[in-house]
Amino acid sequence: MPARQLTYVKAFNEGVAQMMRSDGDVFLIGEDVAGYGGVFHMFDGLKDEFGERRVIDTPISEAAIIGLGVGAAARGLRPICDLMFMDFLGVCMDQVVNQAAKMRFMYGGTVAVPLTITTAAGAGLGAAAQHSQSLEAWLAHVPGLKVAMPATPYDAKGLMVSALRDDNPTVVVLNKLLLGSKGDVPEDLYAVPLGQARIVRPGRDVTVVAVGRMVTEATAAAEQLAADGVDVEVIDPRTVQPLDTATLVESARRTNRVLVVHEAVTFGGIGAEIAAQIQDEAFDYLDAPVLRVGAPFSPVPFSPVLEKAYVPDASRIVAGCRRLLERG
Amino acid sequence: MSPAQAAGKSSPTLSRAAETARANGAEHSPLPEPTPAREDRDLLLDLHRRMVRIRLFEEQAGRLMEAGAMPGFLHLYVGQEAVAAGVMATLKDTDQITSTHRGHGHAVAKGADFRQMFAELYGKATGYCQGRGGSMHINDLAIGMLGANGVVGGGIPIAVGAAFASAYRDDGGVAVAFFGDGGSNIGSFHEAANLAAVLNLPVILVCENNGYAEFTAQSSHMRITDIADRAAAYGFPGAIVDGMDAVAVYEGALAAVERARAGSGPTLIEAKTYRYYDHQGVKGLRIPYRSQDEIDAWKARDPIQLLERRAAEAGHVDQAEFDAVWETTRADVADAITYAESSPDPDPATLLDGVYSH
Chain A
481 MPARQLTYVK
491 AFNEGVAQMM
501 RSDGDVFLIG
511 EDVAGYGGVF
521 HMFDGLKDEF
531 GERRVIDTPI
541 SEAAIIGLGV
551 GAAARGLRPI
561 CDLMFMDFLG
571 VCMDQVVNQA
581 AKMRFMYGGT
591 VAVPLTITTA
601 AGAGLGAAAQ
611 HSQSLEAWLA
621 HVPGLKVAMP
631 ATPYDAKGLM
641 VSALRDDNPT
651 VVVLNKLLLG
661 SKGDVPEDLY
671 AVPLGQARIV
681 RPGRDVTVVA
691 VGRMVTEATA
701 AAEQLAADGV
711 DVEVIDPRTV
721 QPLDTATLVE
731 SARRTNRVLV
741 VHEAVTFGGI
751 GAEIAAQIQD
761 EAFDYLDAPV
771 LRVGAPFSPV
781 PFSPVLEKAY
791 VPDASRIVAG
801 CRRLLERG
Chain B
10 MSPAQAAGKS
20 SPTLSRAAET
30 ARANGAEHSP
40 LPEPTPARED
50 RDLLLDLHRR
60 MVRIRLFEEQ
70 AGRLMEAGAM
80 PGFLHLYVGQ
90 EAVAAGVMAT
100 LKDTDQITST
110 HRGHGHAVAK
120 GADFRQMFAE
130 LYGKATGYCQ
140 GRGGSMHIND
150 LAIGMLGANG
160 VVGGGIPIAV
170 GAAFASAYRD
180 DGGVAVAFFG
190 DGGSNIGSFH
200 EAANLAAVLN
210 LPVILVCENN
220 GYAEFTAQSS
230 HMRITDIADR
240 AAAYGFPGAI
250 VDGMDAVAVY
260 EGALAAVERA
270 RAGSGPTLIE
280 AKTYRYYDHQ
290 GVKGLRIPYR
300 SQDEIDAWKA
310 RDPIQLLERR
320 AAEAGHVDQA
330 EFDAVWETTR
340 ADVADAITYA
350 ESSPDPDPAT
360 LLDGVYSH
């Protein structure tokens, strides 16, 4: 029997629905998540199945939505708080960073905060500087948070299931351009562990560590380079906090060359952390410095021409790999 | 003030009283003496005990901090005891509260353990947070104390979430968010109030208006006098209570709690009160932003003395009974300090414990 194909957004939706069926403590709250099903249709059909008690529309009040999630989670519920666009972290950062992330530690480990925040990130839709950012590095920097960045339909469901089962505040970052992408998705309820990278494509010559939608671009780049006889290994960390350093380092020791790719600006991005960790643990194996491909240090532009120039793509990944191969 | 009045728009009587106080020229002045509404003996003893426990805990904590015996800093609750005592006397252990940077009084009144509190102030392994939190993060989930908070307004949405959990489970519980006049200016208050109203949650928002946001007087940080008026913006009742009168606070809070338990939604209570010490620390009496006249006017209505005096005049409680509470509490404080001082420091090897749940 051929594997079932689902879109990324439907796979995510199925993960939420299956968890809501299996655990009555899971509820969903956010702006336009009930009546409208979420602006990206992430939550289509959930209100009809689970009712207004468990699928709740709110005023536009991100700080209160996340804060409600923190309080409900501290009391043992398992909230899904939807933050429509990742950019809106800017209006609820206190609840995410000072409350949700730190509560367990500050309270001496006496409380768990099983809160899942879902959000949509990424450029490419002409949504400009306040609806297009990739801010995972902000969150990965905060002790107490976990950050998942599914790159495939399979992971959109499996990582969401893990987030909902996890007893820590976890942000699931969906990529807007991936919502319609299709892939194999089992019908069963399954989980993809947080903190376990996936080797998307094994290779011998260069390791490309790609985050979120950049996995797709890295895979395309690897195919182009394969035509020239360059064998690229593509690794998707799947979560940037926790980060599966062991898998990345092991790959670096085999290929001796590493490129890190993300859609966020290069400066201070998660790629800097990955590069530092690989150099800490695999320095003697490297034939070249770890390189990074990311966005330039600029807000996301609106014009399609500018936006295309801004967002990393396969051609920039190919160029990055060639630079690595030219060294040593 | 009757419970019915408290649950309605600002009590007419007290609103007039507040206006009278303002007409007398005081920027932040105590309300005039009300007629005692309820002088139930058990209630008086309960309120008195909670207030004395707060007062002695705080006075001693302040002395120890000034002496350099404890790390960090303290926001003392002295002067505001009637608010915590009056509200907490209406709650069960299963009801939840969130508190503020000035949180010791709420913890004590909710029934927190002196030993674990002092141990936390000392940063010891036996403290409520095992030395991870300190003064501003004391919590005790077993008694519904969801935590003090280092961020002004940070606890208000969390209390709304705790109330949501009670509504979701239909367990009859309520939640109370404490915050100050300063906290009523921050966005999280307004967002949380509106969301609680829209979802009709069993939450009581208790604004302890002590007249100052840190060192800035209320008249410089808002253009209204009665913070209870803000409730109108969210479509639920706002009530003013005399925050120096534990019985008045109790009655106002009881009406709001009963309203919440009945499924009628949130209430905002503004308790007009005063802190005797500075925003932080114990140097309260020689700071330039408050006049000596103002301090004296509020201290003349000290919440503990007020309750003792009225109870004695009404013949409900002998002063000897009150004295015994002071004595017992002094011993409890001394015992807790000895416990804290003799407790071990946290082991640095355990530093990362509690960052994540595994």
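Top line first, the protein sequences correspond to chains A and B. Mind the numbering: the first sequence is residues 481 to 808 in our numbering, read in order. Mind the numbering: the second sequence is residues 10 to 367 in our numbering, read in order. For every residue, glycine included, the Cβ atom is placed at its ideal position computed from N, Cα and C. It should be emphasised that the depicted structure is a prediction, and the values quoted were computed from it without experimental measurement.
- Task: Check the DSSP bridge columns for residue 813 of chain A and list the partner residues they point to.
- Result: Here chain A comprises residues numbered 481 to 808, so residue 813 of chain A is not present and cannot be evaluated.
- By Cβ distance below 7 Å, which residues in the same chain neighbour residue 538 of chain A in space, the five residues on each side in sequence not counted? Counting from one through the first sequence, the residue named residue 538 of chain A turns up at place 58. 509, 510, 511, 545, listed in sequence order.
- Item | Proximity winner among A:612, A:504, A:741, A:634, relative to residue 799 of chain A (alpha-carbon distances) | Indexing the first sequence from 1 puts residue 799 of chain A at position 319. Residue 799 of chain A has its Cα closest to that of A:741, out of A:612, A:504, A:741, A:634.
- Item | Any chain A beta carbon closer than 9 Å to residue 173 of chain B | Indexing the second sequence from 1 puts residue 173 of chain B at position 164. Interface residue, yes.
- Task: Using a Cβ-Cβ cut-off of 9 Å, state whether residue 499 of chain A counts as contacting chain B.
- Result: Residue 499 of chain A sits at position 19 when you count from the first residue of the first sequence. Not an interface residue.
- Message: Give me the subset of the stretch 140-151 of chain B whose CB atoms are less than 7 Å from a CB atom of chain A, sorted by chain position.
- Response: Those residues of the stretch 140-151 of chain B that come within reach of chain A (Cβ to Cβ, closer than 7 Å) are 141, 142, 146, 148, 150.
- Item | Burial state of residue 46 of chain B, where buried means 16 or more other Cβ atoms lie within 10 Å | Position 37 of the second sequence, counting from 1, holds the residue named residue 46 of chain B. Unreliable positioning characterises residue 46 of chain B in this predicted model, as indicated by a pLDDT of 47, which lies under 50. The coordinate reading is nonetheless provided below. Burial call: exposed.
- Item | Extent of the continuous beta strand (DSSP E) to which residue 681 of chain A belongs | Position 201 of the first sequence, counted from the first residue, corresponds to residue 681 of chain A. Segment 678-681, the beta strand (DSSP E) holding residue 681 of chain A.
- Under the three-state reduction of DSSP, which class applies to residue 331 of chain B: helix, strand or coil? Within the second sequence, numbered from 1, the residue matching residue 331 of chain B stands at position 322. DSSP places residue 331 of chain B in helix when its eight states are reduced to three.
- Message: Out of B:287, B:301, B:252, B:256, which one is the CA nearest neighbour of residue 278 of chain B?
- Response: What you label residue 278 of chain B is simply residue 269 of the second sequence in a count that begins at 1. Considering only alpha carbons, the answer is B:252.
- Beta carbon proximity, residue 216 of chain B to chain A, threshold 9 Å: Working through the second sequence from its first residue, we reach residue 216 of chain B at position 207. Taking Cβ atoms only, chain A never reaches closer than 9 Å to residue 216 of chain B, which makes this a no.
- Item | Chain-ordered chain B contacts of residue 543 of chain A [CB-CB under 7 Å] | Numbered from its first residue, the first sequence carries residue 543 of chain A at position 63. Those are 166, 196, 197, 200, listed as they occur along chain B.
- What is the rounded straight-line gap between the Cα of residue 530 of chain A and the Cα of residue 500 of chain A? If you number the first sequence from 1, residue 530 of chain A lands on position 50. If you number the first sequence from 1, residue 500 of chain A lands on position 20. Straight-line spacing of the CA atoms in residue 530 of chain A and residue 500 of chain A works out to 8 Å.
- Task: Out of A:607, A:796, A:491, A:689, point me to the one whose CA is closest to residue 639 of chain A's CA.
- Result: Here residue 639 of chain A refers to the residue found at position 159 when the first sequence is read from its first residue. Each of A:607, A:796, A:491, A:689 was checked against the Cα of residue 639 of chain A, and the nearest Cα belongs to A:491.
- Note down, in chain order, each residue of its chain lying with its Cβ closer than 8 Å to the Cβ of residue 585 of chain A, except the 5 sequence neighbours on either side. For the purposes of this step, residue 585 of chain A is taken as residue 105 along the first sequence, with counting starting at 1. If we look at residue 585 of chain A and ignore the five residues flanking it on each side, its Cβ neighbours are 623, 624.
- Task: Leaving aside the five residues before and after residue 85 of chain B along the sequence, list all residues of the same chain whose C-beta is less than 6 Å from its C-beta, in chain order.
- Result: Numbered from its first residue, the second sequence carries residue 85 of chain B at position 76. Shown here for residue 85 of chain B: same chain residues with a beta carbon closer than 6 Å to its own, the five before and five after excluded, namely 67, 71, 286 in chain order.
- Buried or exposed (CB count within 10 angstroms, at least 16 for buried), residue 257 of chain B: Translated into the one-based positions of the second sequence, residue 257 of chain B becomes position 248. By the 10 Å Cβ count, residue 257 of chain B comes out buried.
- Query: So, using beta-carbon positions, are residue 599 of chain A and residue 563 of chain A closer together than 9 Å?
  - Reply: As a position in the first sequence, residue 599 of chain A is number 119, starting the count at 1. As a position in the first sequence, residue 563 of chain A is number 83, starting the count at 1. Cβ distance < 9 Å, so residue 599 of chain A and residue 563 of chain A count as in contact.
- Check the Cβ-Cβ distances between residue 647 of chain A and every residue of chain B, and say whether any is below 9 Å. Start at 1 with the first residue of the first sequence, and residue 647 of chain A comes out as number 167. Chain B contact via Cβ: present.
- Item | Same chain, Cβ closer than 7 Å to residue 591 of chain A, five either side skipped, listed in chain order | Locating residue 591 of chain A in the first sequence gives position 111, where the first residue counts as 1. Contacts found: 554, 583, 584.
- Item | Own chain, CB closer than 6 Å to residue 107 of chain B, minus 5 neighbours either side, in chain order | Counting from one through the second sequence, the residue named residue 107 of chain B turns up at place 98. The answer, listed in chain order, is 155, 164, 167, 168, 186.
- Query: Rounded to the nearest angstrom, how far is the Cβ of residue 176 of chain B from that of residue 205 of chain B, given a contact under 8 Å?
  - Reply: Here the question's residue 176 of chain B lines up with position 167 in the second sequence. Here the question's residue 205 of chain B lines up with position 196 in the second sequence. That belief does not hold up - the Cβ atoms of residue 176 of chain B and residue 205 of chain B are roughly 10 Å apart, past 8 Å.
- Task: Pull up the distance between the alpha-carbon of residue 506 of chain A and that of residue 557 of chain A, whole angstroms please.
- Result: In the first sequence, counting from the first residue as 1, residue 506 of chain A sits at position 26. In the first sequence, counting from the first residue as 1, residue 557 of chain A sits at position 77. In a straight line, the C-alpha of residue 506 of chain A is about 6 Å away from that of residue 557 of chain A.
- Identify, in the order they occur along the chain, each residue of the same chain with its Cβ nearer than 6 Å to the Cβ of residue 781 of chain A, setting aside the five sequence neighbours on each side. Against the first sequence, residue 781 of chain A aligns to sequence position 301. Answer for residue 781 of chain A: 787, 790, listed in chain order.
- Message: If I measure Cβ to Cβ from residue 487 of chain A and keep anything under 8 Å in the same chain, skipping five residues before and after, which residues do I get?
- Response: Taking the first sequence and counting its residues from 1, the one referred to as residue 487 of chain A is at position 7. Taken in chain order, the residues that qualify are 633, 659, 660, 661, 662.
- Message: Assuming residue 184 of chain B and residue 105 of chain B are in contact, meaning their beta carbons sit under 8 Å apart, how far apart are those beta carbons, in whole angstroms?
- Response: Here the question's residue 184 of chain B lines up with position 175 in the second sequence. Here the question's residue 105 of chain B lines up with position 96 in the second sequence. Rounded, the Cβ-Cβ distance is 4 Å, consistent with contact.
- Message: Just checking: is the beta-carbon of residue 734 of chain A within a distance shorter than 9 Å of some beta-carbon in chain B?
- Response: The residue labelled residue 734 of chain A in the question sits at position 254 within the first sequence. Not one chain B Cβ lies under 9 Å of residue 734 of chain A.
- The beta strand (DSSP E) with residue 281 of chain B in it runs from where to where? Taking the first residue of the second sequence as 1, we reach residue 281 of chain B at position 272. Where residue 281 of chain B is concerned, the enclosing beta strand (DSSP E) stretches over 276-281.
- Go through its chain and collect everything with a Cβ distance to residue 201 of chain B's Cβ below 6 Å, but skip five positions before and after it. Working through the second sequence from its first residue, we reach residue 201 of chain B at position 192. Hits under 6 Å: 165, 166, 169.
- Message: Is there a C-beta anywhere in chain A that falls below 9 Å from the one on residue 108 of chain B?
- Response: The residue given as residue 108 of chain B occupies position 99 in the second sequence. No, residue 108 of chain B lies away from the interface with chain A (no Cβ there is under 9 Å from its Cβ).
- Query: Do we get a CB-CB distance below 9 Å when we pair residue 291 of chain B with the residues of chain A?
  - Reply: Indexing the second sequence from 1 puts residue 291 of chain B at position 282. So, not an interface residue.
- Query: If you follow the alpha helix (DSSP H) that residue 231 of chain B is part of, which residue opens it and which one closes it?
  - Reply: Numbered from its first residue, the second sequence carries residue 231 of chain B at position 222. Run containing residue 231 of chain B: none; DSSP gives neither H nor E here.
- Query: For the stretch 681-752 of chain A, which segments carrying the beta strand (DSSP E) assignment without a break, of at least 3 residues, lie completely within its bounds, in sequence order?
  - Reply: Along the stretch 681-752 of chain A, the beta strand (DSSP E) occurs as fully enclosed runs of 3 or more residues at 686-690, 712-716, 719-721, 738-745, listed in sequence order.
- Task: Kindly indicate which three-state DSSP category residue 93 of chain B falls into: helix, strand or coil?
- Result: Counted from its first residue, the second sequence places residue 93 of chain B at position 84. Helix, per DSSP.
- Does the beta carbon of residue 352 of chain B sit closer than 9 Å to a beta carbon anywhere in chain A? Taking the first residue of the second sequence as position 1, residue 352 of chain B is located at position 343. No, no contact with chain A.
- Item | Cβ separation of residue 712 of chain A and residue 701 of chain A, assumed to be a contact under 8 Å, to the nearest whole Å | Counting from 1 along the first sequence, the entry for residue 712 of chain A is found at position 232. Counting from 1 along the first sequence, the entry for residue 701 of chain A is found at position 221. Contact between residue 712 of chain A and residue 701 of chain A holds: their C-beta atoms lie close to 7 Å from each other, under 8 Å.
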